[in-house]
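The next block holds one structure in the form of structure tokens; read it before the comments.
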Amino acid sequence: MWSDPSRNTKAQTYLESAVAVWESIRRQVKTGRDRSGFQSTLPDAYAKLAAACIAQGKPEGAFESIERGRAKSFLDLLGTRGIGARRSKKKTVQIASIENQLSALREKHVKLASDPVGTKTRSARKAVNQQISELDKKRLELVDQLRRSDPELGSLTVVNPPSLKEIQSLLPSGTALVEYFHPREKTISGKKQDHLWIFVVHAGGLHFKTVDAPKADLERALQNYAKLVADGSSDSKVVEAAGVKLYKWLIEPIEPISQLTDSETLVIVPWGPMFKIPFAALKPKGGKPLSARKNIVMAPSAGVYRYLVKKRASGRKNMLAIGNPKTAMVPLPGAEKEAREIAGLFRKSAIYTKSKATEGLIKEDYAELGRPDVIHLACHGIFNERAPQLSHLALTPDQKNDGKLEMHELFDLDWRGVSLVTMSACSSGKGKLGSGDDLVGLTRGFMFAGAPSILCSLWDVDDEATRALMVSFYKNYIGGMSKPEALRKAQMSMMNKKKWSHPYYWSAFVLFGDWE
Numbered sequence: 009m010w011s012d013p014s015r016n017t018k019a020q021t022y023l024e025s026a027v028a029v030w031e032s033i034r035r036q037v038k039t040g041r042d043r044s045g046f047q048s049t050l051p052d053a054y055a056k057l058a059a060a061c062i063a064q065g066k067p068e069g070a071f072e073s074i075e076r077g078r079a080k081s082f083l084d085l086l087g088t089r090g091i092g093a094r095r096s097k098k099k100t101v102q103i104a105s106i107e108n109q110l111s112a113l114r115e116k117h118v119k120l121a122s123d124p125v126g127t128k129t130r131s132a133r134k135a136v137n138q139q140i141s142e143l144d145k146k147r148l149e150l151v152d153q154l155r156r157s158d159p160e161l162g163s164l165t166v167v168n169p170p171s172l173k174e175i176q177s178l179l180p181s182g183t184a185l186v187e188y189f190h191p192r193e194k195t196i197s198g199k200k201q202d203h204l205w206i207f208v209v210h211a212g213g214l215h216f217k218t219v220d221a222p223k224a225d226l227e228r229a230l231q232n233y234a235k236l237v238a239d240g241s242s243d244s245k246v247v248e249a250a251g252v253k254l255y256k257w258l259i260e261p262i263e264p265i266s267q268l269t270d271s272e273t274l275v276i277v278p279w280g281p282m283f284k285i286p287f288a289a290l291k292p293k294g295g296k297p298l299s300a301r302k303n304i305v306m307a308p309s310a311g312v313y314r315y316l317v318k319k320r321a322s323g324r325k326n327m328l329a330i331g332n333p334k335t336a337m338v339p340l341p342g343a344e345k346e347a348r349e350i351a352g353l354f355r356k357s358a359i360y361t362k363s364k365a366t367e368g369l370i371k372e373d374y375a376e377l378g379r380p381d382v383i384h385l386a387c388h389g390i391f392n393e394r395a396p397q398l399s400h401l402a403l404t405p406d407q408k409n410d411g412k413l414e415m416h417e418l419f420d421l422d423w424r425g426v427s428l429v430t431m432s433a434c435s436s437g438k439g440k441l442g443s444g445d446d447l448v449g450l451t452r453g454f455m456f457a458g459a460p461s462i463l464c465s466l467w468d469v470d471d472e473a474t475r476a477l478m479v480s481f482y483k484n485y486i487g488g489m490s491k492p493e494a495l496r497k498a499q500m501s502m503m504n505k506k507k508w509s510h511p512y513y514w515s516a517f518v519l520f521g522d523w524e
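Residue numbers for the sequence shown follow our numbering, beginning at 9 and rising by one.
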């Protein structure tokens, strides 16, 4: 709509209003078909809003717009399921009921609009409009109550990302957050925009960089590297060259930032296909991998830290381990051995394998599970690309459960008190590249369930190498290291062994969430 760059301020105001209106009616769009058409316009609006901010020299506004878009994308994936009903059943049920009533009334209003105009029709329309207004007011009141009583659950109802200042207040000295985003090709000015945006956030401020990395070229490079690094038989030199290319785009441009150089820990919020690559293995030509210098933590968005920091738990003595559940899939004897060996490292542990590793067991509350500090899941993980919310871990079926612990079911678990969940499962960390460029998978579900940190794999890893990495990681963690440091040390230990020097063996596991 706005093609003159000088009118970016007006464009920003317009887009902010448009996005606010769209967000206010998002929850009333019920059917999959309606949602599909409705969603297609939103990501572009968020990107344009961010571009308008960049054009005015307001990177903080762009950062907040992108975070808003990520939050919206995640809400759309959750859809209208009874997410989190167990935590606040009365309010969520009431809100869902009102939304169903509103949907029916809106359909009635559309039907009346097509009827011949007359006194009776006008009166009926007025009555329906009044009902819609009253119900929507009641819905907003309930949503507001929910947001106050349970902010995290409320965030799954309405788009409510934190401000830049709030994110900065959560970052301690020595920790920097790096967020990537590639806008659509046309910006608010009508000019082609084919640059990568990088935001570096730290307690003292925000740095913004644009990188000449055409979207198509970047996506090809990411896909190529992801394929190479996940293949243990690929030539190490070829893998390294592909990684060096990405390093020049993703890390090198921000290396001069002193706050980044001085930071021991990097919290990385990837864009789209970047979720498929291990940042730990990227390195400059002739140099050492990033994990040799920095502790690395991943996050689906910066906004999740508003809740993760509050869930922070320091326990590392008690483990619950699940290994080789009895399913229709190929048995995993290596996973069972892994679970038993790792559990033996802890002062107290409970191990469930084969027929005892049921879905019903996992659904127990934190206290009923024995108050574990760490939950280790060594099992099959299935990712459903067409319906990410149905991605699941394969467990033993029981009388009440089908054995598929699906993503949407995680939002009704109560594991508040758990410090770490490890998913040593095939493809468990892979999410869909959606309209909000966000990882939406099992990791986000476990965060909501109560775990501030999730360790998961990006690809299938050799059994022996997995056991070696897990044992080293847990020894480091039990010994007092932070989670990212424990992982980094374990990775470096493996990388220095000739038989496991290929990044396929040591870089598959990534840590999501809390950095402590």
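Backbone N, C-alpha and C fix where the C-beta goes; we use that ideal spot for every residue, glycine too.
- Collapsing the DSSP output to three states places residue 429 in a strand.
- For residue 415, the number of other beta carbons within 10 angstroms of its own is at least 16, and it is reported as buried.
- Scanning 292, 249, 310, 66 for the CA closest to the CA of residue 275 turns up 310.
- Counting only runs of at least 3 residues, the region 254-333 fully encloses the following beta strand (DSSP E) elements, listed from N- to C-terminal order: 273-277, 303-306, 326-333.
- Around the Cβ of residue 331, a 10 Å sphere holds 16 or more other Cβ atoms; the residue is buried.
- With a contact defined as Cβ atoms closer than 8 angstroms, residue 303 and residue 187 miss out at about 17 angstroms.
- Beta-bridge pairing by DSSP links residue 183 to 273.
- Note that the region 253-271 does not touch the region 477-491; fewer than 3 beta-carbon pairs, one per stretch, sit closer than 8 angstroms.
- If you compare the alpha carbons of 228, 172, 504, 236 with that of residue 209, the shortest gap goes to 172.
- In the same chain as residue 501, and ignoring 5 residues on each side of it, the C-beta atoms closer than 8 angstroms to its own belong to 480, in chain order.
- Membership of residue 514 in the alpha helix (DSSP H) is indicated by the continuous run 511-514.
- A Cβ-Cβ separation of about 22 angstroms leaves residue 356 out of contact with residue 333 under the 8 angstroms criterion.
- Per DSSP, the beta-bridge partners of residue 366 are 404.
- Taking 8 angstroms as the cut-off, the beta carbon of residue 290 is found no closer than this to the beta carbon of residue 342.
- The beta carbon of residue 174 sits closer than 7 angstroms to those of 314, all from its chain and outside the five residues before and after it, given in chain order.
- The three-state reading of DSSP puts residue 374 in coil, since its state is none of H, G, I, E or B.
- Beta bridge pairing from DSSP links residue 482 with no other residue.
- Per DSSP, residue 336 is not a residue of any beta strand (DSSP E), being assigned neither H nor E.
- For residue 453, the uninterrupted alpha helix (DSSP H) segment begins and ends at 450-457.
- Cα atoms of residue 461 and residue 229: separation of roughly 29 angstroms, rounded to the nearest angstrom.
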